[in-house]
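S.K.: Protein chains in written order, with the working numbering: chain A, 1 to 504; chain B, 1 to 501. By construction, the Cβ of each residue, glycine as well, lies at the ideal position given by its N, Cα and C atoms. Take a look at the following structure, please.
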């Protein structure tokens, strides 16, 4: 007789709730009249995410490795990451509610008569909400997954919906579709790398579990060649997802092409999930052989920090600038991973929160700057924005200052703690490169502030849209979080002052 | 509440009042700003009654846990140096408000924004001298740049956006180097068993020679940019040209003192070995600053740039005094910080009024003002004399102490430094001659003299210049305990101890 494995539904509930919400969304697509769909979908999505967050809070003290046989680890770091993803996703979803970001009918060819017809009849693509929920469920699973198959499934569940929604921009559809195709092709390629690496690791250890891989790696006399091959290929897959140099080339194109609310969601939440998973894999599976991979990762982190910052200088498009800045931040985050210590993990988690809020807020503001044809992403046309809307310019400046790590913003505390972790683990070189890259990055953050505040407005067609309640709330939450966490960071750090954050 | 914390927070109360005040009634807004800065001044003067003079170490201390993971505290306290610099700040802010009563009117933004920025800056300036937690100091050191950035960019003249950006980039770059050093010394404290950012506790750490050198450089370059010392000075003339006179007074008079203050408080006290290693090189840079700044000042045709370059020369003297590592040198340098604050304030105030009246910044355009506007011209003349360190005015005492302190250890450096005095006489007297004397320039005939408000603003500055010139003893007495403490931390004593000063 076949016995069913025991599942701890309590600990898996956040993931299941989001999946359930997504399925419900699919049903709504099929059975609810078009006129009500958009509103209903928004409510379902927000409620689902909020419920899942409530559940995460209720299980925050749980520690377990057997929630789903031994495929899922529940621990403080895991629940913190899940909570972060849900909060950020909630805020990001608020920006989806402006109904003019997404193509009315994705299947219609750009510029075709069908498209015009769909636009005129006021059709909306509401499938986007279930797709986002599917992506969130994958993101929730990714950082708590404890074996390679679960990791791979989570990776695909989070990636595939993102490929689709990247291509759904209402305006500049060709750019958007190109971005989606590029993202899909390169993403599929990197997933294949991840899978390939997993196969080597299985061959090496005879198991898919991260714990078993570590045990095998510690066995004296083992032939490490397949371990290293596996490590390399798995790392490629992960580094692609976080957008580290040299696997970053998709980032600017995809960030630029995707509908802006999607960019914000993707930039913040994917990073949280991917860095969470990365830390777990590297601590649990590869922690024993860190002296072998660390130098390579020090190099990757350094190149990522510096490369992103240098490439951003010459950008003229605000979304591309933010994309390159996100590459730089991936480098900073990597230096937290490399520290492999409790403080490294704590500061990486804080960094993800700080970066997430600033990113979603910044992209949220990008959606507001418009002319008659849609968003204005050309930075030169942002000149004098502070005159048109002082509040929006101030909020955007705060997010930029937080990216740049200026004190009294969350970004500063994040940068400070992650550099402290790196220094503490002996990686002084990373601190030096990090400091220099920060200096370069500051240049283009400040230049944007300069353009907004001190340049005379040159283009009267550019206006700042009056944000809806939902959008104002989203920007407001990001603004307050960035400020409060910069002044009182213990709010987050107190959640993380535990003896064990991560179960091995 | 601790009186020191109260002094830090009082300007913020003014900010709150300004925030709710209606934007249109600018007179009201100015009065609120003035009132709040005067109350802050009173509060800081009350500190004198609580302060025990002649005692080493921090007083009026207060400490609250802020950020537990890294054992970061809101920790404030003052010693003699911090006290005089805080008083300098709280005295100068009301003077700036009164003296620059109308200077915010034609800015990009509202008058309200201007005074909010000024008061926020005052809070930061008082707090930065009061901070005894290195992390807190760093946070304020960086955060105070933001209001200055908007003050220059939003209310300045000419190419203000670029000047503001250059100022901010230079300072933030230095700040990042310092951040690496702050993290470094913290990690060392963790490894030695007691994680702390407290400046007194950090000074007891045992740090290897090589590490000290790097950490010292991290702090020093940040402070040298701030001070500004040659070759890190290039941001200053642009900022001085573009900023309003009030902003210039606060930037050159107070903000830049954070650099030299930081050298004493952090570079010397935390890294004694590295201090001794680098002192000779820094003295060379200081001498270059003195001479180079003076020569550039002689050649300037723009009044604001001229004052900025004289400041570079004066900051050279301050740094020279600090790194001579003698008691006269450090006391003299500390006193110099205060005196330079007042003399720069006088120069920028009167210079600002001249520019406001004449609508030109060119020195040559002011010719003949002595006869038309005697009070203004005399005020400017006294300010200039104080800049050239005429005996009887305050700068003389400090410059003399600095050179004396330098001479006992580095005679050659003192000789070169003395050249700076001669050059100072040159640039000041040429300036006075061109700007005030000589034939009356066309268009100057109807220039009005100082009005009552302006006289009220300049009078306390001139009183301070004369008072500190004739009777500097209380200030020196306040600073001395700090000097001997720092020298014992660096483990040096005066080469030829002089019997009592």
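1) Using only alpha-carbon positions, find the residue among A:374, A:19, A:273 that is nearest to residue 348 (chain A).
2) Do you know how far the Cα of residue 342 (chain B) is from the Cα of residue 28 (chain B)?
3) Helix, strand or coil: how does DSSP classify residue 389 (chain A) here?
4) Mind pulling the chain A residues with CB within less than 7 Å of residue 176 (chain B)?
5) Under DSSP, the beta strand (DSSP E) around residue 75 (chain B) begins and ends at which residues?
6) So if I threshold CB-CB distances at 8 Å, which residues from the stretch 445–459 of chain A count as touching chain B?
7) For a test of the three-state rule: what should DSSP assign to residue 443 (chain B), helix, strand or coil?
8) Restricting to Cα atoms, I'd like to know which of B:410, B:438, B:356, B:478 is closest to residue 286 (chain B).
9) Are three or more beta carbon pairs between the stretch 184–203 of chain A and the stretch 132–140 of chain A nearer than 8 Å?
10) Going along chain B, which residues have a C-beta under 7 Å from residue 489 (chain A)?
11) Are the C-beta atoms of residue 485 (chain A) and some chain E residue less than 8 Å apart?
12) Anyone know if the C-beta pair for residue 49 (chain A) and residue 86 (chain A) falls short of 8 Å?
13) Leaving out five residues before and five after residue 257 (chain B) in sequence, what residues of the same chain have Cβ atoms less than 7 Å from its Cβ?
14) Hey, could you find the ends of the beta strand (DSSP E) residue 59 (chain B) is sitting in?
15) From the DSSP output, read off the bridge partner residues of residue 356 (chain B).
16) My assumption, with CB atoms under 8 Å, is that residue 216 (chain B) sits in contact with residue 275 (chain B). Please give the rounded CB distance.
17) Compare the C-beta of residue 258 (chain B) against all C-beta atoms of chain A and say whether one is closer than 8 Å.
18) Can you name the residues of chain A whose CB is closer than 8 Å to the CB of residue 183 (chain B)?
19) CB residue 143 (chain B) to CB residue 177 (chain B), shorter than 8 Å?
20) Counting only the same chain and skipping the five closest in sequence on each side, list residues whose C-beta sits under 7 Å from that of residue 451 (chain A).
21) Taking 8 Å as the threshold, find out whether the stretch 235–251 of chain A comes into contact with the stretch 307–325 of chain A through three or more Cβ pairs.
22) Let me know the secondary structure DSSP gives residue 369 (chain A) once reduced to three states.
23) I think residue 262 (chain B) touches residue 92 (chain B), with their Cβ atoms under 8 Å apart; what is that distance to the nearest whole Å?
24) Compare the Cα-Cα distances from residue 390 (chain A) to each of A:313, A:465, A:404 and report the closest residue.
25) Is the distance from the Cβ of residue 269 (chain B) to the Cβ of residue 489 (chain B) below 8 Å?
26) Kindly indicate which residue of B:334, B:349, B:424, B:385 has the alpha-carbon position closest to the one of residue 472 (chain B).
27) Have a look at B:283, B:266, B:155, B:31 and flag the residue whose alpha-carbon is nearest the alpha-carbon of residue 407 (chain B).
28) According to DSSP, what are the bridge partners of residue 145 (chain A)?
29) Would residue 15 (chain B) be called buried (16 or more neighbouring beta carbons within 10 Å of its own) or exposed?
30) Between the C-alpha atoms of residue 314 (chain A) and residue 314 (chain B), what's the straight-line distance to the nearest angstrom?
31) Closest Cβ-Cβ distance between residue 103 (chain B) and chain A: below 8 Å?
32) Could you work out which residues of chain B lie near residue 346 (chain A), taking near to mean beta carbons separated by less than 9 Å?
33) Just the chain A side, please: which residues come within less than 7 Å of residue 153 (chain B) by C-beta, in chain order?
34) Closer than 8 Å, CB to CB, is residue 180 (chain B) near chain A or not?
35) Name, please, each residue of chain A whose Cβ falls closer than 8 Å to the Cβ of residue 143 (chain B).
36) Assign residue 34 (chain A) to one of two classes, buried (16 or more other C-beta atoms within 10 Å of its C-beta) or exposed (fewer than that).
M.R.: Taking the structure as given:
1) The residue labelled residue 348 (chain A) in the question sits at position 348 within the first chain. Selected option, being the one with the closest Cα: A:273.
2) The residue labelled residue 28 (chain B) in the question sits at position 28 within the second chain. The residue labelled residue 342 (chain B) in the question sits at position 342 within the second chain. A direct Cα-to-Cα measurement between residue 28 (chain B) and residue 342 (chain B) gives close to 28 Å.
3) As a working note, residue 389 (chain A) is residue 389 in the first chain. Coil.
4) Position 176 of the second chain, counted from the start, is the residue given in the question as residue 176 (chain B). By Cβ distance, chain A contributes 435, 438, 439.
5) Along the second chain, read from residue 1 onward, the residue named residue 75 (chain B) stands at position 75. Per DSSP, residue 75 (chain B) belongs to the beta strand (DSSP E) from 72–78.
6) 446, 447, 450, 453, 454, 455
7) Taking the first residue of the second chain as 1, we reach residue 443 (chain B) at position 443. The answer is coil: DSSP assigns residue 443 (chain B) none of H, G, I, E or B.
8) Within the second chain, residue 286 (chain B) is the residue found at index 286, counting from 1. Among B:410, B:438, B:356, B:478, the Cα nearest to that of residue 286 (chain B) is on B:410.
9) At 8 Å Cβ cutoff, the stretches do not touch.
10) By 1-based counting over the first chain, the position of residue 489 (chain A) is 489. Result: 67.
11) Absent here is chain E; the protein component of the structure consists of chains A and B.
12) Position 49 of the first chain, counted from the start, is the residue given in the question as residue 49 (chain A). Position 86 of the first chain, counted from the start, is the residue given in the question as residue 86 (chain A). Going by C-beta atoms, residue 49 (chain A) is nearer than 8 Å to residue 86 (chain A).
13) As a first step, residue 257 (chain B) is located in the second chain; it is residue number 257 there, counting from the start. Closer than 7 Å at the Cβ level, and outside the excluded window around residue 257 (chain B), lie 85, 337, 341.
14) Mapped onto the second chain, residue 59 (chain B) falls at position 59. Unbroken beta strand (DSSP E) run through residue 59 (chain B): 59–67.
15) Your numbering for residue 356 (chain B) matches position 356 in the second chain. Per DSSP, none; premise fails for residue 356 (chain B).
16) On the second chain, residue 216 (chain B) is found 216 positions in, with the first residue counted as 1. On the second chain, residue 275 (chain B) is found 275 positions in, with the first residue counted as 1. Right, the Cβ-Cβ distance comes to about 7 Å (below 8 Å), so this counts as a contact.
17) Taking the second chain and counting its residues from 1, one reaches residue 258 (chain B) at position 258. Chain A, which has no Cβ nearer than 8 Å to the Cβ of residue 258 (chain B), makes this no.
18) Your numbering for residue 183 (chain B) matches position 183 in the second chain. Correct list: 416, 419, 420, 423, 431.
19) Taking the first residue of the second chain as 1, we reach residue 143 (chain B) at position 143. Taking the first residue of the second chain as 1, we reach residue 177 (chain B) at position 177. No, the pair does not count as a contact, with Cβ atoms beyond the cut-off.
20) Sequence index remark: in the first chain, residue 451 (chain A) carries index 451 (1-based). These residues qualify, in order along the chain: 379, 382, 383.
21) yes
22) Counting from 1 along the first chain, the entry for residue 369 (chain A) is found at position 369. The answer is strand: DSSP assigns residue 369 (chain A) an E or B state.
23) Stepping through the second chain from its first residue, residue 262 (chain B) is reached at position 262. Stepping through the second chain from its first residue, residue 92 (chain B) is reached at position 92. Actually they are not in contact, since the Cβ atoms of residue 262 (chain B) and residue 92 (chain B) sit about 19 Å apart, beyond 8 Å.
24) Taking the first chain and counting its residues from 1, the one referred to as residue 390 (chain A) is at position 390. Nearest C-alpha to residue 390 (chain A): A:465.
25) The residue labelled residue 269 (chain B) in the question sits at position 269 within the second chain. The residue labelled residue 489 (chain B) in the question sits at position 489 within the second chain. Closer than 8 Å, so yes.
26) In the second chain, the residue the question calls residue 472 (chain B) occupies position 472. Looking only at B:334, B:349, B:424, B:385, the smallest Cα-Cα distance to residue 472 (chain B) is reached by B:334.
27) Taking the second chain and counting its residues from 1, the one referred to as residue 407 (chain B) is at position 407. Check the Cα spacing between residue 407 (chain B) and each of B:283, B:266, B:155, B:31: the tightest is with B:283.
28) In the first chain, the residue the question calls residue 145 (chain A) occupies position 145. Answer is A:72, bridged to residue 145 (chain A).
29) Your numbering for residue 15 (chain B) matches position 15 in the second chain. Per the 10 Å Cβ criterion, buried.
30) Against the first chain, residue 314 (chain A) aligns to sequence position 314. Against the second chain, residue 314 (chain B) aligns to sequence position 314. So the two alpha carbons sit approximately 39 Å from each other.
31) On the second chain, residue 103 (chain B) is found 103 positions in, with the first residue counted as 1. By this cut-off, residue 103 (chain B) is not an interface position.
32) If you number the first chain from 1, residue 346 (chain A) lands on position 346. Those within 9 Å of residue 346 (chain A) in chain B are 69.
33) Position 153 of the second chain, counted from the first residue, corresponds to residue 153 (chain B). Near residue 153 (chain B) (Cβ distances below 7 Å), the residues of chain A are 453, 454.
34) Here residue 180 (chain B) refers to the residue found at position 180 when the second chain is read from its first residue. Answer yes: the Cβ-Cβ gap between residue 180 (chain B) and chain A drops below 8 Å somewhere.
35) Taking the first residue of the second chain as position 1, residue 143 (chain B) is located at position 143. The answer, in chain order, is 406, 407, 408.
36) Locating residue 34 (chain A) in the first chain gives position 34, where the first residue counts as 1. Looking at its Cβ environment, which holds fewer than 16 other Cβ atoms inside 10 Å, residue 34 (chain A) is exposed.
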